[in-house]
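S.K.:
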Amino acid sequence: MNSEKPEISPIILLLQDVMQKSDAKGFVIGLSGGIDSSVAATLCVRAAGSSHVMGFFLPSSVTSLVDTEDVKILSDVLGISVQTIPIGPLIDQYRNMPGFTDTPYLVGNLMARTRMAILYYYANQMNLLVCGTSNYTEYLLGYCTKYGDSAADVQPIIHLQKSEIWNLAKDLDIPGRLIEKVPSAGLWPDQTDEKELGMKYADIDRIISNLERQGWGAKTPEEKQVLEMVHRAGHKKQPAPQVNRYSF
């Protein structure tokens with residue numbers, strides 16, 4: 128009998144169902160030291176057991192020492208193996224491409240897609256599934272990289288707002304320093320998610336909830352701002368457009 132809390136139980140059942148139907152042995156997950164990957168990894172362990180979850184820490188040249196320490200703390204708490212593979216040398220190889228432009232935006236997306244390629248390589252090698260770490264807030268706003276961190280075989284927390292992720296982390300007994308940590312994609316030194324988004328997560332989540340209740344009709348300037356971000360990110364949530372075989 129499943130004794131998990133009501134908000135956790137459906138996620139565990141989803142992970143177990145996907146694993147069983149895929150005839151996979153477990154999950155691989157990219158660990159960043161952030162709250163989303165920490166929560167997703169913990170749920171994978173609850174669903175499959177620590178011996179069936181493989182973590183990958185894929186630091187770049189700008190990854191902080193704090194992130195390295197936090198990944199170690201989480202892996203010790205969960206009892207999972209973590210493979211560290213620095214991606215800096217791989218990114219440096221891309222810099223040899225003709226016309227390479229070195230901007231935080233372009234290189235950040237390149238890092239996200241490189242990390243996902245590595246995760247899928249090892250997932251294929253070990254007959255594991257790639258567990259996604261996207262949350263509802265960031266997915267809705269498009270604060271993710273297409274075919275990068277948004278790619279996955281299963282997305283166990285994509286239905287949860289960022290504020291709900293923090294609450295769930297407490298229920299899962301994730302170490303406090305990971306819960307209290309300022310969210311950052313680690314794209315450059317001192318980068319934070321909220322600075323990039325231009326709003327606090329608490330405000331964004333409140334506005335998203337208002338928009339949902341209002342049938343996605345904006346009533347305030349802040350709601351219009353968030354709704355515009357949602358619309359701009361629409362292509363990230365849709366499959367690639369294609370001609371219907373039977374439409375002509």
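Residues in the sequence shown are numbered consecutively from 128, following this note's numbering. By construction, the Cβ of each residue, glycine as well, lies at the ideal position given by its N, Cα and C atoms. If you're wondering where the values come from, they're calculated on a predicted model, not measured in any experiment.
1) Output needed for V198: all residues of its chain with C-beta closer than 6 Å, excluding positions within five of it in sequence on either side, in chain order.
2) Considering I306, what are the terminal residues of the alpha helix (DSSP H) in which it resides?
3) Along the chain, where does the alpha helix (DSSP H) containing I334 start, and where does it finish?
4) Run through the stretch 221-259 for me and flag every whole alpha helix (DSSP H) of 4 or more residues, listed as ranges in chain order.
5) When the distance is taken between beta carbons, is D320 closer than 9 Å to S290?
6) Classify G259: buried if its beta carbon has 16 or more other beta carbons within 10 angstroms, exposed otherwise.
7) Use the C-beta contact count for D194: other C-beta atoms within 10 angstroms, 16 or more gives buried, fewer gives exposed.
8) Do D280 and A239 come within 9 Å of each other at the CB atom, strictly closer than that value?
9) Which residues mark the beginning and the end of the alpha helix (DSSP H) in which S290 is found?
10) Taking just the CA atoms, how far does K346 sit from N294?
11) So I103 is in the alpha helix (DSSP H); what residue range does that whole segment cover?
12) Please state whether DSSP places S208 in a helix, a strand or coil.
13) Return the CA-CA distance between Q252 and R173, expressed in angstroms with no decimal places.
14) For R372 and chain E, any beta-carbon pair shorter than 9 Å?
15) In or out: Q341 buried (at least 16 other Cβ within 10 Å) or exposed?
M.R.: If we stick to the structure as given:
1) Correct list, in chain order: L158, G160 and F184.
2) Per DSSP, the unbroken alpha helix (DSSP H) holding I306 starts and ends at G303 to I306.
3) I334: member of the alpha helix (DSSP H) spanning Y328 to R340, first to last residue.
4) DSSP runs (the alpha helix (DSSP H)) wholly in the stretch 221-259: 231-253.
5) In this structure, D320 does not lie closer than 9 Å to S290 by Cβ.
6) Label assigned to G259: buried.
7) Counting C-beta atoms within 10 angstroms of its own C-beta, D194 has 16 or more neighbours from the protein chains shown and is therefore classed as buried.
8) It is not a contact, given that the beta carbons lie outside the stated cut-off.
9) Counting along the chain, the unbroken alpha helix (DSSP H) around S290 starts and ends at K289 to D298.
10) The alpha-carbon atoms of N294 and K346 are separated by roughly 28 Å.
11) The structure shown has nothing for residue 103, since the chain only spans 128 to 375.
12) Note: S208 maps to strand in three-state DSSP.
13) Cα-Cα distance, rounded: 23 Å.
14) Note that chain E does not occur in the displayed structure, where there is just one protein chain.
15) Counting of Cβ neighbours within 10 angstroms places Q341 among the exposed residues, the total staying below 16.
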